[in-house]
Amino acid sequence: MNNFVKKFVNLLLDSVYPNDIKCIFCDKDIAKGSFICNECKNQDFINDNNTRCKICDKPIIENNIICDHCKTSKYHFSKLTSPFIYKGRVKNAILKFKSDGAKYLALPFAKFIVDRLNNEKLDFEIIIPVPSHPKSIKERGYNPARLLADEISKLTNKPVCDVLKKVTITKNQKYLNYKERQENLSNSIVLNDKSIIKNKNILIVDDIITTGATIETCAKLLKGASNIYGCSVARTNI
Ligand SMILES: [Zn+2]
Ligand SMILES: [Zn+2]
């Protein structure tokens, strides 16, 4: 490639992957190869508190190992993990990713998730994204969870299996509690191939984890699987 072509290609790549040169959370210029700036690395939206719930990854202040919600709940998954807390700049970036077509964020988000999966030594064989209804995918142009799953797959060499299908559109979950969310979701997601998941360790991928009800609904459907883990870019701290 001559210099002119090289420059043009780099310019093109930078516009496709603006995350290479700007912090994905605050837009500050950063060195190529990193995704967030030093200031953002030290913010309270990084979910690396030492006292996180061993099951759902929620930060807990007391010396508890498991949060109150997990103490009284029975799940079909073994563990959830999320590198960020859904607040402030993280919240803005995820909303951009989910609703403003910022698909380029899938790669940096997936890298943070994969780092976390490696640190926690979560061993999985197949990746299943939380499904979106075809109507929502058509409106948005993509399923954010599927984009994340695809990037995690490229980084880990594990296949994505689209075995869960969203068959009905559920009402907005924003103001529903854990139990209401589960009721709202039940029968809205179906498993269309049992054979692939048999005796497999599975990673379920979503963009945000709030109460964990969506991952639990998916995990419950994956009967016959071995260990089931859930991950997301961020989780709420409530
Ligand atoms: Zn930043
Ligand atoms: Zn918990």
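Residues 2 to 239, numbered by the working numbering, are exactly what the sequence shown covers, in order. Where a beta carbon is used, it is the ideal one built from N, C-alpha and C, also for glycine.
Beta-carbon proximity of residue i to residue j, cut-off 8 Å
i	j	result
Tyr230	Leu204	yes
Phe85	Phe98	no
Pro132	Ala150	no
Leu148	Thr171	no
Val191	Ile128	no
Ser83	Asn119	no
Phe125	Lys88	no
Asn202	Ser227	yes
Leu222	Leu177	no
Val115	Leu81	no
Assigned exposure category for residue i - 16 Cβ within 10 Å defines buried
i	result
Asp208	buried
Pro135	exposed
Ile66	exposed
Ile22	exposed
Ser233	buried
Ala146	buried
Ser137	exposed
Cys219	buried
Asn43	exposed
Thr73	exposed
Thr211	buried
Thr243	Shown here, the chain extends from 2 to 239; a query on residue 243 therefore has no answer.
Asn158	exposed
Ser154	buried
One or two residues paired with residue i in a DSSP bridge
i	result
Phe78	BP columns for Phe78 are empty, so no partner.
Arg147	Paired residues: none, contrary to the question.
Gly231	Leu81, Ile205
Leu186	Note: Leu186 sits in no beta bridge, so no partner.
Ile127	Ile203
Arg53	Pro60
Ligand 1 heavy atom lying under 7 Å from the CB of residue i
i	result
Ile95	no
Ile239	no
Cβ-based neighbour list, residue i, same chain, cut-off 6 Å, excluding 5 preceding and 5 following
i	result
Thr52	Ile61
Ala107	Leu148, Leu149, Glu152
Cys71	Cys54, Ile56, Cys57
Ile273	Past the edges of the chain, shown from 2 to 239, lies residue 273, and the structure says nothing about it.
Cys162	Ile127, Ile129, Ile197
Ala103	Lys97
Lys29	Cys38
Asn50	Pro60
Any non-hydrogen atom of ligand 2 closer than 7 Å to residue i Cβ
i	result
Cys68	yes
Ile56	yes
Lys59	yes
Cys232	no
Cys71	yes
Cutoff 8 Å; reference residue i; Cβ partners in own chain excluding five residues on either side
i	result
Asn20	Residue placement at Asn20 cannot be trusted, given a pLDDT of 45 that sits under 50; what the coordinates show is reported in the next sentence. Hits under 8 Å: Phe36, Tyr105, Leu106, Leu108, Pro109.
Gly225	Lys195, Ile198, Lys199, Asn200
Arg255	Since the displayed the chain opens at 2 and closes at 239, residue 255 lies outside it and no answer follows.
Asn93	Phe26
Phe113	Phe36, Pro84, Phe85, Val234
Own chain, CB closer than 7 Å to residue i, minus 5 neighbours either side, in chain order
i	result
Ile272	A query on residue 272 cannot be resolved here, the shown segment of the chain reaching from 2 to 239 and no further.
Tyr68	It is worth fixing the name first, because residue 68 is Cys in this sequence and not Tyr. Closer than 7 Å at the Cβ level, and outside the excluded window around Cys68, lie Cys54, Cys57, Lys59, Ile61.
Glu217	Tyr76, His77, Phe78, Gln183
Lys1	It is not possible to answer for residue 1, since the shown part of the chain is limited to 2 through 239.
Val235	Strictly speaking, residue 235 in this sequence is Ala, with Val absent from that position. The residues are Ser83, Phe85, Ile86, Tyr87, Val91, Ile95, Ile209.
(request) Using the beta-carbon of each residue, find all residues closer than 6 Å to any heavy atom of ligand 3 and list them in chain order. (result) Within the structure as shown, ligand 3 is missing, the only ligands being ligand 1 and ligand 2.
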